[in-house]
Each structure stands twice: as structure tokens, then as C-alpha cells.
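Using the working numbering, the letters of the sequence shown map in sequence onto residues 9 to 228.
Notes follow the structure.
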Amino acid sequence: ELGKIYYVQVGGGRRRGMPGGTFITKEEAGVGALADIGCYGLDMPMNALGYPKPLTVSASAYDLFGKSPVYNPHNYHRFEVDDFAVAFVRLEGGITLDFRTSWAMHMDTMGATLFLGDQAGLKVRSANPESPWGGAWDGTVGPMTLYHDKFGMLTETPIPYIQNNVDRFAEKVRDFVDAIVNNRPAPIPTSQIIYNQAILSGIMESARLGREVAITIPEV
Numbered sequence: 009e010l011g012k013i014y015y016v017q018v019g020g021g022r023r024r025g026m027p028g029g030t031f032i033t034k035e036e037a038g039v040g041a042l043a044d045i046g047c048y049g050l051d052m053p054m055n056a057l058g059y060p061k062p063l064t065v066s067a068s069a070y071d072l073f074g075k076s077p078v079y080n081p082h083n084y085h086r087f088e089v090d091d092f093a094v095a096f097v098r099l100e101g102g103i104t105l106d107f108r109t110s111w112a113m114h115m116d117t118m119g120a121t122l123f124l125g126d127q128a129g130l131k132v133r134s135a136n137p138e139s140p141w142g143g144a145w146d147g148t149v150g151p152m153t154l155y156h157d158k159f160g161m162l163t164e165t166p167i168p169y170i171q172n173n174v175d176r177f178a179e180k181v182r183d184f185v186d187a188i189v190n191n192r193p194a195p196i197p198t199s200q201i202i203y204n205q206a207i208l209s210g211i212m213e214s215a216r217l218g219r220e221v222a223i224t225i226p227e228v
């Protein structure tokens, strides 16, 4: 019902949620919040879009909280990665992805996930709005609202949220094992994993250079 989707906004972030240990050093982690929780926020909308090919990205990454003795008193002296990242990603088909993620910020949430199409818009909230993830994609889909026009009137249509007790992690493992046992294709196509990683790598490269970069898709 959305028609041609041209813009997607997704934000995953914690108000305070910086880890320690191997998560915060370049040698062991390489990347911070972007790879730790940002990968989930990136995968969900890309999956909903059918994983269009990523083309370019303009991004910034910050470590303002992680390196602060005020906000990170126990690990600020070891902190070497990002605690916040933001990016504009151009996707094939004329789609713009507005992406944000954080371990720490002065805000309660980065907001709901939005899909804008030429026929309608969709707002997707987290199923766990009070969790440390705030209103982010956290592997769950909560209440949704469709914004569209009906008979010349601006209309908002709530989409029922059906709760269930399915353990999504157990289902993922079961699906993966079933693919091995029955010799069927992997549940997650290799191309999706490569696209996801290529976007994350492009975000870090753009942030390092301070300019837009082309996203390189490796050959496999």
C-alpha cells in the first residue's frame, strides 16, 4: 500500500548503554555502537525493502561519551571506537536511508522507524519501547500506523499488533539447522550479509574521510 518507497528513517540507540571489555578497543572490536547494535537497525529496514543494492554513503561517527570521564568513568581511558554514528545511504531504486545508532546520548529515543512512499507512509514502533534500546528496531516489530489519504481525507490507520510467545532466537537456530539437515538454501542469503557489511564499512570509511564515499560490494 505504500507505493514507491523513497525514504526510510531508522534509529537504534541507548540513552546510556556503553559496554566495556572487548567491545571498546580497536584491536579487538574494530567498530563500536555501529557494529554492535547498528547492524540490527540496518538489517530490519533493508530486509523490508528487499535488500536493494547500496550505492553511496555520507556518514559521521563520534566518541564523545565513551572518552568522557564523566559519562564513562571506568573505561574512558581505554575507549577507542564510536559511541554514535549517523549516515545517509543512497540505495538502488532512488531510496534514501537515514540511519542512526548510539550507545549513549542526551535523548530518550531516536524515534520510530519510518517508511515514506508515494501512496502512504508507515510508522513502526518497537515492541519494547521501555527497553534500553528506546524506540529502535531491536529485532521486534511493535505497533504500526499507516498514514494515507482516503476519499480526500488525511487518514491514520492503526495496524493491529499481535503479541505471541515465539522465541525468535530459537526459531532462527531451528531454521538454520533445518537448512543444514535438509540441504536447502540458507535462511539468510549471502548477498544480504555482504550488503549489510558493505554499508557498515562504507559508513566508517565516510566518517574517517569526512566525505561521501561509494560503497564497495566485494565479489564472492
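Positions of the beta carbon are idealized from the N, C-alpha and C atoms, including for glycine.
Which same chain residues end up closer than 6 Å to residue i when comparing Cβ atoms and leaving out the 5 residues on each side of it in sequence?
i: Phe-92; result: Tyr-70, Ser-110
i: Gly-28; result: Asn-83
i: Val-94; result: Ser-68, Arg-108
i: Ala-215; result: Ala-67, Ser-68, Ala-69
i: Glu-88; result: Thr-33, Lys-34
i: Glu-164; result: Thr-153, Tyr-155
Using a threshold of 8 Å, state whether the C-beta atoms of residue i and residue j are closer than that.
i: Tyr-14; j: Asp-126; result: yes
i: Arg-86; j: Thr-30; result: no
i: Pro-62; j: Ile-207; result: yes
i: Arg-108; j: Gly-21; result: yes
i: Asp-90; j: Ala-41; result: yes
i: Ala-128; j: Glu-9; result: yes
i: Thr-64; j: Val-221; result: yes
i: Met-152; j: Gly-74; result: no
i: Ala-135; j: Gly-119; result: no
i: Ile-225; j: Ile-202; result: yes
i: Ile-103; j: Leu-154; result: no
i: Val-78; j: Met-212; result: no
What residues match up with residue i in a beta bridge as DSSP calls it?
i: Met-26; result: The partner list for Met-26 (beta bridge, DSSP) is empty, contrary to what the question assumes.
i: His-156; result: Thr-163
i: Ala-67; result: Ala-95
i: Ala-222; result: Thr-64
i: Ile-103; result: Leu-99
Secondary structure at residue i, three-state DSSP: helix, strand or coil?
i: Ala-95; result: strand
i: Arg-108; result: strand
i: Glu-164; result: strand
i: Asp-90; result: coil
i: Pro-62; result: strand
i: Gly-129; result: strand
i: Thr-198; result: helix
i: Gly-20; result: strand
i: Phe-73; result: coil
i: Thr-122; result: The sequence as given places Leu at residue 122; Thr does not occur at that position. Leu-122: strand per DSSP, three-state reduction.
i: Tyr-14; result: strand
i: Lys-180; result: helix
i: Met-113; result: coil
i: Gln-205; result: helix
i: Ser-214; result: helix
For residue i, which residues from the same chain have a beta carbon less than 7 Å from its beta carbon, with the 5 sequence-adjacent residues on both sides left out?
i: Gly-101; result: Pro-60
i: Thr-121; result: Gln-17, Val-18, Pro-53, Val-132, Trp-145
i: Met-113; result: Gly-21, Arg-23, Phe-92
i: Val-189; result: none
i: Lys-12; result: Gly-125, Asp-126
i: Ala-43; result: Leu-208
i: Asn-80; result: Met-26, Phe-73, Gly-74, Phe-87
Which same chain residues, not among the five before or five after residue i, have their C-beta less than 8 Å away from its C-beta?
i: Arg-47; result: Note on identity: in this sequence residue 47 is Cys, with Arg being the wrong assignment. So the qualifying residues of the chain are Asn-204, Leu-208.
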